[in-house]
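Residue numbers (our numbering): 66 to 616. First the structure, in the form of structure tokens, and then the observations on it.
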Amino acid sequence: MAKNISVNYKGTKINIIDTPGHSDFSGEVERTLGMADGALLIVDAQEGPMPQTRFVLKRAFELNLKVIVVINKIDKPNADISKTIHRIGNLFLELATQDEQLEYPTLYSVSRTGKVFATPPVDFNQEGSVVPLLDEIVKYIPAPTNSQEGSFKMLASSLDYDSHLGRIVIGKIFRGTVKPGQKVIIIGDTVKSGQIDKVFLSNGLSREEVKEAYAGDIVAITGIQEIKIGQTISTQGDTESLASAKITEPTLHVTVGPNTSPLSGREGEFTTARQIEERLARELETNLSLKLRKLVNGKYEVSGKGELHLSVLLETLRREGYEVEVGKPEVIYKEVNGKKCEPFEEVNIVVPNEYLGTISQEIGKRFGHLIRMEPVTDQETEFVYRMPTRAILGLRSLLLTATKGTVIFNSQFIDFEPVGPNLPKMRRGVLIATNSGEALSYGLQAAQERGVTFVEPGDNLYEGQIVGMNAKAEDIEINACKGKQLTNMRSKSSDGVIQLVPAIKYSLEQCLDFLESDELLEITPKNLRLRKKYLTTVERRRHREELKNTY
């Protein structure tokens, strides 16, 4: 769960919970909204409502939360407040389930200066503060209706850990009161007994120990070690459980295993399969949208809600000192009414007008269906497409390259639909290292005559590592460790300084996009390396039929 803070304003305590807005983290969003009595919908004044805005707003309406709209960054050069208000109105009209949900207060903010206005200001330098927002929250958002009478009830919405206090359970008290030392039961698949040690409430950004907390408070309690997210904590003798958030099915999976490259064990602290399994098991306790399955080859199939969800997990492992290797993300198919179905997403693209042809061409190859196209400014156009998730894999990095980093790309899961036709291989071939050693300028110069490179002089390489991308469709083997042969003859034409184009450095998410089915991503705390699944030429030829690439 994202961070919870509390603010005391005019005698009213306001709990504010920040939550991810992306559907890839739907589990956290569901749990957070379940603790809230209202929501602030933050919308960029230039970009307008994004695909993920629809997801969060829909869930807020389903839970009957009061919504306050805050149009943020109104000081942007291309901010169009009136157009943003119109698009928000259309979104509310589409998603609202009750008439009263169509009436909502709207505020305008410049977040970098901490100013909120009830009406759009003429001068952004005029005095301002967050007081209008706090006033609107107190006036419009209802107070918790939870009863302090009756037995104590609390839903475990998040788990934290402290080296001194142990496991910390965070959630909202739905009924009754709680005190340190109180005996409780934990209701899950079975009923277990426990005792609360300490009770904490948020005070600003910090936690403050209290002697008692009441219904409606968001508390952090210690002393209960054996508990899972979604389970109910209750007074002894009351075994009625609270309804927990329904977790949607994952749409993508990757294989994760210990690093098997020749450079394994040099850069990470945790490198064994046992250490990786223990860490993934701990992640399952707090990341309910994640699924884990052990494979026969000793690796693990990790399933998540999308590329962002999985890449955040892998980046976390990397920062904690783990070395892992990861396969290409693949979509999860399922049977619906006897038909094989795949996940579909709504893709939102904002791009400069000079690249309209590039966008249409690339999306057309991937069977994208155009839903809407409209100008954002005089120089930019917004496209909204509907397309299968497997066609989106690799699309973000491709469009970023094609548009020189100017594209804005967002996607949102819609539903499972019948599987469409196979997609041909989209990516160009790669440059594969034939020798192990240190990359040299002379060898990389020859590689750059064939395409672009991912490594720099001095980098450690091994046979089978991907050192660049070919300008043509096929893979090419190249010796990037080759040095210039020294002789006692000097030549003005051949003794010149070698000039190299700077190497391309991909982020972790871009590396996942780049992968084909016969390739792996080596993740260490210091480096990201792309490699072939089979490192030697002989092995790759032996498994040629197995490694034919299709999406």
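Every residue gets a Cβ at the ideal spot worked out from N, C-alpha and C, and that includes glycine. Just so we're clear, the structure is a prediction, and the values are computed from it rather than from any experiment.
### Query
What do you reckon, are the CB atoms on residue 391 and residue 585 nearer than 8 Å?
Result yes, Cβ atoms of residue 391 and residue 585 sit closer than 8 Å.
### Query
Would you say residue 518 and residue 568 are within 8 Å of each other, going by their C-beta atoms?
yes
### Query
If you count every other CB in all the chains shown that lies within 10 Å of the CB of residue 604, and 16 or more means buried, which is it?
exposed
### Message
Given a cut-off of 8 Å on the beta-carbon distance, is the pair residue 231 and residue 290 in contact?
### Response
Cβ distance < 8 Å, so residue 231 and residue 290 count as in contact.
### Query
Should the stretch 464-477 be regarded as contacting the stretch 501-510, the criterion being three or more beta carbon pairs within less than 8 Å?
no
### Task
State the Cα-Cα distance for the pair residue 339 and residue 207, rounded to the nearest angstrom.
49 Å
### Message
Using only the alpha-carbon positions, how far apart do residue 342 and residue 70 sit?
### Response
33 Å
### Query
Where are the beta strand (DSSP E) runs, 3 residues long or more, that stay fully inside the stretch 255-288, in chain order?
256-260, 264-268, 271-275 and 283-287
#### Entry: Span separating the alpha-carbon of residue 145 from that of residue 163
28 Å
### Assigned secondary structure, residue 69 (DSSP; H/G/I helix, E/B strand, else coil)
strand
### Task
Decide yes or no for the touch test of the stretch 590-602 against the stretch 398-415: beta carbon pairs closer than 8 Å, at least 3 of them.
No: fewer than three Cβ pairs fall under 8 Å.
#### Entry: Limits of the beta strand (DSSP E) - the one that residue 249 falls within
248-252
### Query
Anyone know if the C-beta pair for residue 450 and residue 436 falls short of 8 Å?
yes
### Query
Would you call the stretch 409-427 and the stretch 529-549 in contact, with 3 or more CB pairs under 8 Å?
no
#### Entry: Counterpart residues of residue 534 in DSSP-defined beta bridges
Under the DSSP definition of a beta bridge, residue 534 partners with 495 and 517.
### Check whether residue 410 and residue 484 have beta carbons under 8 Å apart
no
### Task
Just tell me which of 329, 361, 321 and 362 has its CA closest to the CA of residue 344.
321
### Reference residue 459, options 444, 434, 440 and 430, closest by Cα
Ranked by Cα distance from residue 459, the first of 444, 434, 440 and 430 is 430.
### Query
For the stretch 345-428, which segments carrying the alpha helix (DSSP H) assignment without a break, of at least 4 residues, lie completely within its bounds, in sequence order?
372-384
### Message
Spatial neighbours of residue 138 within its chain, please: C-beta separation below 6 Å, excluding the five flanking residues on both sides.
### Response
109 and 110
### Query
Under 7 Å from any heavy atom of the ligand SAH, does the C-beta of residue 226 make it?
Within the structure as shown, the ligand SAH is missing, as the structure has no ligands at all.
### Query
Can you list, in chain order, the residues of its chain whose CB lies under 8 Å from that of residue 66, leaving out five sequence neighbours each side?
Residue confidence for residue 66 is low, a pLDDT of 47 falling below 50, so the modelled location carries little weight; the figure read from the coordinates is stated next. Around residue 66: 82, 84, 93, 96, 97, 222, 223 and 235.
### Query
Since residue 232 sits in a beta bridge, which residues does DSSP pair it with?
226
### Query
In whole angstroms, what separates the C-alpha of residue 293 from that of residue 255?
Going from the Cα of residue 293 to the Cα of residue 255 covers about 12 Å.
### Query
DSSP three-state call for residue 145: helix, strand or coil?
Taken through DSSP and simplified to helix, strand or coil, residue 145 comes out as coil.
### For residue 130, the three-state DSSP class (helix, strand or coil)
coil
### Inter-residue Cα distance where the pair is residue 588 and residue 389
Rounded to the nearest angstrom, the gap between the Cα atoms of residue 588 and residue 389 is 5 Å.
### Query
Nearest-angstrom Cα distance between residue 600 and residue 426?
Rounded to whole angstroms, residue 600 to residue 426 spans 35 Å at the Cα level.
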